[in-house]
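Novice: Residue numbers (our numbering), protein chains in the order written: chain Z, 196 to 698; chain H, 6 to 338; chain X, 413 to 612.
Here's a structure for you.
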Amino acid sequence: MEALQGLAGGFAEALTLTNLFFVLVGVTAGTLVGILPGLGPPATIAILLPLTINLEPATGLIMLAGIYYGAKYGGSTTSILLNIPGESASVVTCLDGYAMARQGRAGPALGIAAIGSFVAGTIGIIGFTFLAPLIAAVAINIGPPEYAGIMVFALTSVVLLAGDSVLKGLLAALAGLLLATVGIDIISGAARYTFGQTEFLDGIEFIALSIGVFAVAEVMINVEQKTGRPIFTVPRRLRELMPTRQDLKQSRFAILQGSVIGFVIGALPGAGSTVASFISYTVQKRISPNRESFGKGAIDGVAAPEAANNSETGGALIPLFSLGIPGSGTTAILLGALILYGLDPGPLLFEENPDIIWPIIASMYLGNVMLLVLNLPLVPVFASVLRIPYHLLYPGILIVCIVGVYSVRNSIFDVVLLAVFGLVGYFMRKLDVPAAPLVLAFVLGPLAERAVRQSLIISQNDWTIFLTRPVAAVFLLLALLLLGGSLVGRGRAARKEVLEVDT
Amino acid sequence: MNSAKMLCTSAVAAVTLLAAGCGSEPTTSGEGDAFEAGPTEFLVHTGPGGGSDVFAREVTALLEKEQLIDPSSWTVRNENGGSGAAAMVYLRGLAGETDTVALSTPTWITTPLTTPEAAVTVDQLTPIARMVTEPMMMAVTADSPYNSLEDFIAAAEAEPGGLVQAGGSVTSVDAISGGILQEETDVKWSYLSFEGGGERITALLSGDADMMFGSPSDFTEQVRAGDLKVIATIGDEAPPLFPDAPTLADSGVDVEVPEQVRGVMGPPDMPEDAVAYYEGLMQDLTETASWEEFTEENGLTTVFAGSEEFGTTLEEQTDLLSSRLESLGLLAQ
Amino acid sequence: MVRRVNADLLAASGFAALALVFLVGGRSLSLTAQGVPGPGLFPVLIASVLLLLSVLLAVRALVLRRGAERSRSSAPSPTEVTPTALADGTGIAQHEVGYAGPSEGAASGGTTTVTEPAADEGSRSRVRPLLLWGLVLGSCLVLPVLGFVPAMLTLTLTLVLAIERRHDVVALATAVVIPVAAYTLFAVLLDVRLPLGPFG
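What follows is the structure in structure tokens.
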């Protein structure tokens, strides 16, 4: 098979000392920068792009690919340890990851994130190698109505994530949707809810919102108690700092399912890793034997989104390399890099430059391996960060948050927003309003709205387009089933309630 | 306890002052003394990898290659936000400075016209040099029934509002050009906005959209691969990459459309000698062989003009765009 | 119970306020544009639903309060700990005891008590988070004026001295080291542009 031949040749090229060195530099730099919140893969690559310009195309791109992967690995670390979502995809990891950290299980959480990422990344690259043309052909046909279906499905799941109080979860989600409408509406050109502020033209900065509502609010909550000791108990024995065999067993399917879902969704231009990680989380929650503990520290609740997040990388490269179409912010930067190196990203990229592309793909496998080897031993080290007495830890957390938010667009406005949302998040916690629906709806909302309006432009305001396009209809049906199923479940539980009280 | 507190406070004060020293940077020159070429920031309004960003980096690389500037003395600075608003606000804030220049595109004209929050208009900044232009091209799928602009217009006439043009924001140049054509030919089609170029091409390939306008370099790869075909030039001169694409005049729709001019601008009140320096630098660049190669590869047409002429171009384009935006109902004021 | 009701009422008013801001602020946005949904449709729709549901939340809270007041005389049933599901990313350690079962219109009538953790469980202060917040906001506002390191130093040192009230060397040293280390890491190594204030 041509692909295998190409790959073999790629490995031969990639296994040179120079290339290996740059893979290592790339993944390490990527991980370190990815750990810092606000500096997700796009920002990381942007920062390190100038360094790679002076290298040979293949080498430079290998390093960039390494950075891409590394940043993904690093992003989950702060999510799990400190409840700081570094980018939108990490929000889902915070849910169970941080819960596990609070239970003293940060080590297993980090470990499973690393292992899951490795497996998923590998699956993603394998998928890319062998399925790229097929997936590309399919991805082309995913248009606004299909996106609308997927987003509606995702939004429905968001509300159901609220658990105990669906009403409050719904309110939070609606609030998130509303906040997301701030900014220029691309379809009509109107500036919505900007209140005269230039900074609002692009909308409320996501990082300011998410880090404020999650991390800053968390610090404020923790500060309520006089902090003399570490607030988390971290086990001392190495065995307890790593995932157990039981953990691995429980996560097996989650990792598999996350890899597939992440890969497929990653291949859709414009979908993004948040959707991938979130849908994978929701799916896992439905099918997991320990679904009751989702949100409170279920290990497969960390494994699934982490896997999805990483295999999405492989998927996102498909439209980029096969069609020259960047599917996300990060791939757009990679596209720019390709152009700067004199390569023309387009459908003929593979055919005309196999000697550059295959080594890049081969080195992604290598990078993935390196990341696992680098990260696993560091898990106990990272987990031990939580041993630091909280009063020494949280000023650092705050400063890192501030820098992270500021670095997105050098804006003090955003930092002030961070503070504002920190307060909002704090009050939400005190009033028992769940924060995750707010943040997730904030991300998904604009995608949904845009997709719906685009679909109606295509169909000339004919709403049946959502039913006549099969993929869209399927997702809408799934959303309905999801909604129906949960309501029935709650109805039953409520009835049981009432019966119990009567007896 | 008191002395300890005092000690702490003075320690704080001392450390603060010391640390503040850590945050210092050599001050920039340009305060009335004669201009000296030095490290320069090249400002763009897109993020890394965006059209302007890549162009700016390539220009920088060419300047270095032709030894017109010292290696690594120019850096590209991204201020992306508000479709150019952030970059323009930033540039305005550097009034009188000589170490920053910016790459301007038609967006710099349209954004202030459509969003009052943008606050800075192009005439407040200093034009330095007009560099390149490129017409928009009309692209359809390779198996599309339309082979010319006239075909498309005829089909749109038969189905008012039924055909779809994919493009960016509704205030972008491709939308405005589309609007101008519709007005001129008295025909209507719908406009579908996508944020990324990739999504637009996908919409075209999947059939959700029937045609799109874009830069020649947006389509070359797809055309080469046989997925798309370019059927018309939306302008009065066919570009070197697609020399056979009929112009608007050829297609019977002789109307003026906005030009996709890229130029270099400087902050307000930029000293004359600095302007002259950058102007001369750019002029020298456009006369080199590597520049010719670069523009040819990317389908750009060099239209070098100095500061004054560029200023006139900007005024003309502003008038054209604002009258068109007005008739499209998108003008902010 | 009362606490829960008050919390819900507060939350409801917060959401209602947000909805009103968007409804009023969106008056100028058109609901339809050329036949298809315009920029105003989605926000207005969402804001309306938000308003409606916040009223619903308030009503539910009031109804339950009346229900609880009526059954106050009956012997309190054993409180059940239902770990509240935690989409807010907190994990466990919720100190509130929630309703037994879903809270949707469930006029289950079971009494539930919300226990505030005992005050002796380490002094739980309401003031400290807000003070902290004020400090964070303040240091952010002076950030462009003072520059990164001084502003952050003010933050950490005030934190340590005024809020944490520690004077030990480790705490002070950390307070000094963190901003400097952050500056070195970000501004120097990673080339992130941080505000330099009057010294840059």
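Heads up, the beta-carbon is just placed ideally off N, CA and C, and yes, glycines get one too.
Distance cutoff 8 Å, beta carbons only. Does Leu-369 (chain Z) sit that close to anything in chain X?
Specialist: Leu-369 (chain Z) counts as touching chain X.
Novice: For Ala-557 (chain Z) versus Ala-315 (chain Z), is the C-beta distance shorter than 8 Å?
Specialist: No, they are not a contact pair.
Novice: Using a 10 Å radius around the Cβ and a threshold of 16 neighbouring Cβ atoms, would you call Gln-445 (chain Z) buried or exposed?
Specialist: By the neighbour-count rule (16 or more Cβ atoms within 10 Å), Gln-445 (chain Z) is buried.
Novice: Given Ser-681 (chain Z), which residues of its chain have a CB within under 7 Å of its CB, disregarding the five upstream and five downstream residues?
Specialist: Same-chain partners within the cutoff: Leu-355.
Novice: Classify Trp-296 (chain H): buried if its beta carbon has 16 or more other beta carbons within 10 angstroms, exposed otherwise.
Specialist: Trp-296 (chain H) comes out buried.
Novice: Whole angstroms is fine: what's the gap from Val-467 (chain X)'s alpha carbon to Ser-425 (chain X)'s?
Specialist: Their backbone Cα atoms lie some 8 Å apart in a straight line.
Novice: Consider the Cβ of Val-592 (chain X): report whether some Cβ of chain Z lies at a distance smaller than 8 Å.
Specialist: For Val-592 (chain X), the answer is no, since every Cβ of chain Z falls outside 8 Å of its Cβ.
Novice: So the alpha helix (DSSP H) Leu-474 (chain X) belongs to, where does it begin and stop?
Specialist: From DSSP, the alpha helix (DSSP H) with Leu-474 (chain X) extends over 453-482.
Novice: Tell me which residue opens and which closes the beta strand (DSSP E) that Asn-344 (chain H) is part of.
Specialist: Because chain H is modelled from 6 through 338, residue 344 (chain H) falls outside the range shown and cannot be assessed.
Novice: What does Ala-230 (chain H) reach in chain Z if we use C-beta pairs closer than 7 Å?
Specialist: Near Ala-230 (chain H) (Cβ distances below 7 Å), the residues of chain Z are Gly-541, Pro-542, Leu-543.
Novice: Can you tell me whether Gly-537 (chain Z) is buried or exposed? The criterion is at least 16 other CB atoms within 10 Å of its CB, across all chains shown.
Specialist: Result: exposed.
Novice: For the beta strand (DSSP E) holding Glu-139 (chain H), just list the boundary residues, first then last.
Specialist: Per DSSP, Glu-139 (chain H) belongs to the beta strand (DSSP E) from 131-139.
Novice: Which chain Z residues sit within Cβ distance under 8 Å of Gly-447 (chain X)?
Specialist: In chain order: Gln-655, Asn-656.
Novice: Under a three-way DSSP split, which group does Ala-144 (chain H) fall into?
Specialist: The answer is strand: DSSP assigns Ala-144 (chain H) an E or B state.
Novice: Excluding the 5 residues preceding and the 5 following Leu-336 (chain H) in the sequence, name in chain order all residues of the same chain whose CB lies nearer than 8 Å to its CB.
Specialist: Cβ neighbours of Leu-336 (chain H) beyond the five flanking positions: Leu-118, Thr-119, Ser-327, Leu-330.
Novice: Identify the continuous alpha helix (DSSP H) that holds Arg-648 (chain Z) and give its terminal residues.
Specialist: Looking at the DSSP string, the run of the alpha helix (DSSP H) that includes Arg-648 (chain Z) is 631-654.
Novice: Can you check whether the C-beta of Pro-53 (chain H) is within less than 8 Å of a C-beta belonging to chain Z?
Specialist: Output row for Pro-53 (chain H): interface = yes.
Novice: Write down the C-beta distance between Val-638 (chain Z) and Ser-283 (chain Z) rounded to the nearest angstrom, noting that I regard them as a contact closer than 8 Å.
Specialist: Yes, Val-638 (chain Z) and Ser-283 (chain Z) are in contact; Cβ-Cβ is about 5 Å, under 8 Å.
Novice: Please report the straight-line C-alpha distance between Asp-75 (chain H) and Val-628 (chain Z), rounded to a whole angstrom.
Specialist: So the two alpha carbons sit approximately 58 Å from each other.
Novice: Taking beta-carbon pairs under 9 Å, can you tell me which members of the region 413-445 of chain Z lie near chain X?
Specialist: Within the region 413-445 of chain Z, the qualifying residues are Glu-413, Val-414, Met-415, Ile-416, Asn-417, Val-418, Glu-419, Gln-420, Lys-421, Thr-422, Gly-423.
Novice: Any C-beta of chain H sitting closer than 8 Å to the C-beta of Asn-336 (chain Z)?
Specialist: Judged by the 8 Å Cβ criterion, Asn-336 (chain Z) is in contact with chain H.
Novice: Taking Cβ to Cβ, would you say Ala-150 (chain Z) is nearer than 8 Å to Pro-451 (chain X)?
Specialist: Outside the modelled stretch of chain Z, which goes from 196 to 698, sits residue 150 (chain Z), for which no answer is possible.
Novice: Check whether the region 131-146 of chain H touches the region 267-284 of chain H, counting contact only when three or more Cβ pairs, one atom from each stretch, lie closer than 8 Å.
Specialist: Judged by Cβ distances under 8 Å, the region 131-146 of chain H makes contact with the region 267-284 of chain H, as three or more pairs qualify.
Novice: Just the chain X side, please: which residues come within less than 7 Å of Asn-605 (chain Z) by C-beta, in chain order?
Specialist: Those are Arg-605, listed as they occur along chain X.
Novice: Going by CA-CA distance only, name the one from Z:Thr-469, Z:Val-580, Z:Leu-593 that's closest to Ile-590 (chain X).
Specialist: Nearest option by C-alpha distance: Z:Leu-593.
Novice: Buried or exposed: where does Ser-440 (chain X) fall if 16 or more other Cβ atoms within 10 Å of its Cβ makes it buried?
Specialist: With fewer than 16 other Cβ atoms within 10 Å, it is exposed.
Novice: Any C-beta of chain Z within less than 9 Å: which residues of the region 462-473 of chain X qualify?
Specialist: Cβ contacts with chain Z come from Leu-462, Leu-465, Ser-466, Leu-468, Leu-469, Arg-472.
Novice: In chain Z, which residues lie with their C-beta within 9 Å of the C-beta of Gly-437 (chain X)?
Specialist: Neighbours of Gly-437 (chain X) on chain Z, chain order: Arg-387, Tyr-388, Phe-390.
Novice: Return the chain-ordered list of same chain residues with a C-beta closer than 8 Å to the C-beta of Leu-250 (chain Z), the five sequence neighbours on each side being excluded.
Specialist: Closer than 8 Å at Cβ, skipping near neighbours: Phe-217, Met-258.
Novice: Closer than 7 Å between beta carbons: that is the criterion. Which residues of the region 193-215 of chain H meet it against chain Z?
Specialist: Listed by position along the chain: Ser-195, Leu-197, Ser-198, Glu-200, Gly-201, Gly-203, Glu-204, Ile-206, Thr-207, Ala-208, Leu-210, Ser-211, Asp-213.
Novice: Beta-carbon separation of Gly-465 (chain Z) and Leu-671 (chain Z) under 8 Å?
Specialist: No, the Cβ-Cβ distance between Gly-465 (chain Z) and Leu-671 (chain Z) is not below 8 Å.
Novice: Taking the C-alpha atoms as reference points, what is the distance between Ala-499 (chain X) and Glu-314 (chain H)?
Specialist: Any reading at Ala-499 (chain X) needs caution, since the residue's pLDDT is 40, under 50, leaving its predicted position unreliable; the model's value is listed next. Each residue's alpha carbon lies about 60 Å from the other.
Novice: Closest to Ala-410 (chain Z) by CA distance: which of Z:Phe-516, Z:Ile-279, Z:Phe-458, Z:Gln-420 is it?
Specialist: With distances taken between Cα atoms, Ala-410 (chain Z) lies closest to Z:Ile-279.
Novice: Does any residue of chain X have a CB that is nearer than 8 Å to the CB of Asp-627 (chain Z)?
Specialist: Yes - at least one Cβ of chain X is within 8 Å of the one on Asp-627 (chain Z).
Novice: Under DSSP, the alpha helix (DSSP H) around Arg-416 (chain X) begins and ends at which residues?
Specialist: Segment 414-437, the alpha helix (DSSP H) holding Arg-416 (chain X).
Novice: Can you give me the C-alpha to C-alpha distance between Ala-674 (chain Z) and Ser-454 (chain Z), rounded to a whole angstrom?
Specialist: The straight-line gap from Cα to Cα measures roughly 22 Å.
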